[in-house]
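These notes concern the structure reproduced below.
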Amino acid sequence: MFIKFFTNATPMKHLGKAEEMAKAVLFMTSDDSSLTSGNRLIVDGGYTVQ
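Take the UniProt record's numbering: the last position of the sequence shown gets the number 50, and nothing is skipped along the way.
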């Protein structure tokens with residue numbers, strides 16, 4: 001019930017997998033994010049956009 005509720009409540013209709021979350025963490029800890037500061041990287045499939 002919990003998984004179905006959040007899957008349907010997310011615009012992308014997909015719950016993130018650990019590998020997808022890891023990619024966000026990898027980006028934030030890499031040199032590619034060297035100009036990123038004071039931001040929140042929200043990885044939630046669009047849930048907070050609603």
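From the three backbone atoms N, C-alpha and C, an ideal C-beta is built for every residue, glycine too.
Secondary structure of M28 (DSSP, three-state): helix. In terms of Cβ geometry, T10 and G46 form a close pair [threshold 8 Å]. The C-alpha of A24 lies about 17 Å from the C-alpha of M12. DSSP places N39 outside both helix and strand once states are collapsed to three, so it counts as coil.
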